[in-house]
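Trainee:
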Amino acid sequence: MPEKQYDPQAIELKWQKIWEDGKAYRAEQETSRPKYYLLEMLPYPSGTLHMGHVRNYSIGDALARYKWMRGFNVLHPMGWDAFGLPAENAAIKNNAHPREWTRRNIAAMKEQHRRFGFAYDWEREVSTCEPEYYRWNQWFFLKMYERGIAYRKKSKVNWCPECATVLANEQVENGCCWRHETTQVISKELEQWFLRTSTYSDQLLDDMAKLKHWPEKVLTMQRNWIGRSKGARVFFDVSGSKSKVEIFTTRIDTIYGASAIILAPEHPLVAELASPEQGARAREMVNARQGADPGAVEKDGFDTGHKAVNPFNKELVPIWVGNFVLMDYGTGAIMAVPAHDERDFEFCNKYGLLIPVVVKPKSGDAPAGVAFTEYGVAVNSGPYSGLQTEQALERMTADAERQGFGKGSITYRLKDWGVSRQRYWGTPIPMIHCKTCGIVPVPESQLPVVLPLNVKITGTGQSPLRDSPEFLHVKCPKCGADAERETDTMDTFVDSSWYFFRYVCPHDDKAPFETADIAHWFPIEQYIGGIEHAILHLIYSRFWTKMMRDIGALGEARLDEPVERLFTQGMVIRNGAKMSKSKGNVVDPDKLVADYGADTARMYALFAAPPAKDMEWSDQGVEGVSRFISRAYRFVTRNADRAGKASPVDATSKVDRDIRRKLHQTIRKLTMEFEERWHFNTCIAAIMELVNELQSAESEVSPGVLRETLEALVLLMAPMAPYVAQELWQELGRESMLLRETWPAFDPALAADEECEVVVQVNGRPRSHILLPPDSSKEETEARAKADPKIVELTAGKKIVKVVVIPNKLVNVVVQG
RNA sequence: GCGGAAGUGGCGGAAUGGCAGACGCAGUGGACUCAAAAUCCACCGUUCCGAAAGAACGUGGGGGUUCGACUCCCCCCUUCCGCACCA
């Protein structure tokens, strides 16, 4: 048969239709095969896929297809993180309704997904902006409210003037909005809904021990984010007042060295103790700190003139206000121990406060002119002098507790999750405000509280839902009087905290999911996504799972953690910068597919770098992959007939044996990579080598070996270039779907080398090669190496000190003189 | 400042203590062609008058362990990422 020219468009559209019509990717819930839940992070439907998505999904899809071929029952779903601000911004800009805008984008992106041939079970598609999904956000919210996990409090919030909404602490970066990197976040006091993530701090921390297959980097980031810190709280009386100041310290052992109490400028006591001028100065400090780079702000403060009593030695210390003390960490007040804390040292040094030394190094002297912050031995600390820091901490905490002026305490950086957003395009919080009954939850039977569609989005201040009378006005479920609905909507991180549970039962209208089905599919064997979600999404998801377990929603599934293995892929870089619209260095996936086909795009995404590393985009690199696929295609099509007529393998010639060995080595290599290392770039390189070698042997290889090799080649290509692989499978006269075929097995005997090329070194420098039968003995190997003429020449007249022999690999002759 | 990852030809990268540079890109020469594209073949780290034979050098820099180090250990430099006054 003459070779055919590779026409990716024709091939890919043909198989896309056949696969979709045949529902090839449907996950069946049955037990005859082991299940494998493979999840990739769901995209925000911005309108088009970007190359970061393509890379993420190409990695996931290769794995999904491999697992399928290994006989797993693969659950591989996809959905849309469809609520959020861009839809509202687009609505203002284009006068399109957020729902229409979002649905259009989803349709467009789904089309891209399909064109790429990603093997998703689209029957399980989840779109978080649809009532059938978000009603369960509301349902969970009610359950949490019942149990006090969801609550309302007045709180200072981070307000982004650009978004005109509240941001979670996690959404503030360097004092600016995470979306608007140059917009300073301001502080505002509002009634807000919160979820008690903080009560899960310890569990979130401790259960990390179960996340054995998560990247250490992610766990470290989460650990730092939770920020568990063990210390003590101590009360200082304010001299001449009934008030007390509570401070938090991790170094109560240094309390004899406290030379001041320093309050955060927002501290309530400031209003009580400070003069009006001082109060104004404190407010200035708060404003000045807003949005400033913490490292760059000079320490600033003032003495209130009041004194506090150190409960340990009854000494009076001045009470200061300092701009470097944080109100929302610990108690908002500290004891300054300048001799043993760098920040306190800087502050006290500036203002000429005392710097008493109360800890000495265990040996030697503390360096002069800086704070000695390490553990050592207590000095000048009354009855505790002479104690090692570890014991002093313990004893002084116990004593403070016994005498009632302090106690051991653990402080976390992690705060409760503020979920209120003054926004339209999100899940309505299912609560009602009644003048007589107060806050009343919407009865479960009335869910979902549907987001009204006829709302004008103006982008000004308050929640657009307040402008929808039909939505706003409601009868109180308790007393029947006129009442108002809550108009805040939920943070969209709520949606993504549990979407992967919904995939299991996407159309269930009785419950968020059936617990038996959760028990069947969970945990997720593999989750793949970007490192940028290491903290927020992945902590919230972990919290949500524990919360669902605790409210009984998981039933017999009783999960502590949803995700067994996490993989974070690198970014896509072009011209030295992350691909992004603002940098103007994006590659349009549609154009790529139109020019080269989906297989080339997918394969290049895997070929350019190992998945965990950033990958550099190169248009010429794409060309190279395209050339390879085309070459392989032509090779198989022009040899299909010859291979097709072949009888079983009749490998006798050296060429045949060489080809078979290369084939089985390639299968071994790819199997190892898919199972363990995921360096798909080297898989593709290995396939290229196989094709290169096959092509060199084209005229000599026997039909039987040719057939075996071509069939295996096509199977090996299937996870990474599924369309062309399927087409070539058909060219080889096979009708089955590759997804249902079995991944080829390698024969170790066939993969073994016939001869080993052993390197012979003299003093560690390679000088010669010898060919030996595999597994030759050490003695034999050494003798042959020493007999090599080159080695004889180089070692002549010298003393052989040592000979290192690594069978099948290497001999190193060490000589002297 | 703290934590993490990384640094290998002109470029992307390969090599899990054993021949550094697989595979691809770019480049050079050749075949095919009227010509070009495509394709195929060959060459392709640097230096040594240097094509071949041969040799030296070479994985950010310096030291160490080892018969042998891109790989392990120590120190330093650079880049990127995360956190950042967390008491």
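Letter by letter, the first sequence follows residues -7 to 809 of our numbering. Glycine included, C-beta positions come from ideal geometry on N, C-alpha and C. A quick note: this is a predicted structure, and the numbers were derived from the prediction, not measured.
1) So does the stretch -5 to 6 actually touch the stretch 715 to 726, counting three or more Cβ pairs closer than 8 Å?
2) Just confirm the distance between the C-beta atoms of Arg477 and Val486, as a whole number of angstroms; I'd bet it's less than 8 Å.
3) Taking buried to mean at least 16 other C-beta atoms within 10 Å of its own C-beta, is His45 buried or exposed?
4) Measure the C-alpha to C-alpha separation of Arg91 and Tyr532 and round it to an integer number of angstroms.
5) With distances taken Cα to Cα, identify the nearest neighbour of Leu188 among Gly232, Tyr143, Pro207 and Thr157.
6) I'd like the list of long-range same chain contacts for Val349, defined as Cβ closer than 6 Å, with 5 residues on each side in sequence excluded.
7) May I have the straight-line CA-CA distance separating Gly368 from Ala358, to the nearest angstrom?
8) Return the CA-CA distance between Ala156 and Gln414, expressed in angstroms with no decimal places.
9) Determine the DSSP secondary structure at Glu92, reduced to helix, strand or coil.
10) Using 10 angstroms around the beta-carbon of Ile792, count the other beta-carbons present and answer buried if the total reaches 16, otherwise exposed.
11) Just to confirm my understanding: we take Glu749, look at its own chain, exclude 5 residues before and 5 after, and list those with CB closer than 7 Å. What are they?
12) For the stretch 173 to 200, list the alpha helix (DSSP H) runs that are entirely contained and at least 4 residues long, ordered along the chain.
13) With a threshold of 16 other CB atoms inside 10 Å of the CB of Asn631, please say whether the residue is buried or exposed.
14) So Ile141 and Met539 are supposed to be a Cβ contact under 8 Å. How far apart are they, rounded?
15) Could you give the first and the last residue of the continuous alpha helix (DSSP H) run that contains Thr701?
16) Do you know offhand how far Ala99's Cα is from Ala328's?
17) Going by beta-carbon coordinates alone, are Thr481 and Gly418 separated by less than 7 Å?
18) If we require 3 or more residues per run, which beta strand (DSSP E) segments fall completely within the stretch 720 to 807?
19) Shortest alpha-carbon distance to Ser488 belongs to which of Gly71, Tyr17 and Phe397?
20) Hey, Gln130 and Pro515: beta-carbon distance below 7 Å or not?
21) Provide the residue span of the beta strand (DSSP E) that contains Trp312, from first to last.
22) Roughly how many angstroms lie between the CA atoms of Lys794 and Glu746, to the nearest whole one?
23) State the beta-bridge partners of Met213 as determined by DSSP.
24) Can you give me the Cβ contacts of Pro711 inside the same chain, cut-off strictly under 6 Å, excluding the 5 residues immediately before and after it?
25) Excluding the 5 residues flanking Tyr192 on each side, which residues of the same chain have their C-beta closer than 6 Å to its C-beta?
26) Where do the N-terminal and C-terminal ends of the beta strand (DSSP E) with Thr157 fall, by residue?
27) State the CB to CB distance for the pair Arg273 and Phe304, rounded to an integer number of angstroms; the pair is presumed to be in contact (CB under 8 Å).
28) What residue range does the beta strand (DSSP E) around Cys497 cover?
29) Go to Gln687, then tell me how far its alpha helix (DSSP H) extends in each direction, as first and last residue.
30) Do Ala256 and Leu345 have their C-beta atoms within less than 7 Å of each other?
31) So, Val411 versus Cys468, is the Cβ gap smaller than 7 Å?
32) May I ask you to report which of helix, strand or coil DSSP gives Ala475?
33) From Ala201 to Asn48, what does the alpha carbon distance come to, in whole angstroms?
34) If Trp609 sits next to Arg566, beta carbons under 8 Å apart, how far is it from one beta carbon to the other, in whole angstroms?
35) Specify the secondary structure class of Asp229 as computed by DSSP and reduced to three states.
36) Classify Pro835: buried if its beta carbon has 16 or more other beta carbons within 10 angstroms, exposed otherwise.
Mentor: Based on what the coordinates show:
1) yes
2) At roughly 18 Å, the Cβ-Cβ gap does not stay under 8 Å, so Arg477 and Val486 are not in contact.
3) buried
4) 26 Å
5) Sequence inspection shows Arg at residue 188; the Leu mentioned does not correspond to that position. Out of Gly232, Tyr143, Pro207 and Thr157, Tyr143 has the C-alpha closest to the C-alpha of Arg188.
6) Ala331
7) 10 Å
8) 8 Å
9) helix
10) exposed
11) His761 and Leu763
12) 193 to 198
13) buried
14) 6 Å
15) Pro695 to Met709
16) 59 Å
17) yes
18) 748 to 754, 757 to 764 and 791 to 798
19) Gly71
20) no
21) Leu308 to Gly314
22) 29 Å
23) Bridge partners of Met213: none, in fact.
24) Ala54, Arg57 and Tyr58
25) Phe535 and Lys538
26) Thr157 to Leu159
27) About 31 Å; that fails the 8 Å criterion.
28) Looking at the DSSP string, Cys497 is not in any beta strand (DSSP E), and its letter there is neither H nor E.
29) Phe672 to Ser688
30) no
31) no
32) strand
33) 26 Å
34) 4 Å
35) strand
36) Residue 835 lies beyond the residue range present for the chain, which begins at -7 and ends at 809; the question has no answer from this structure.
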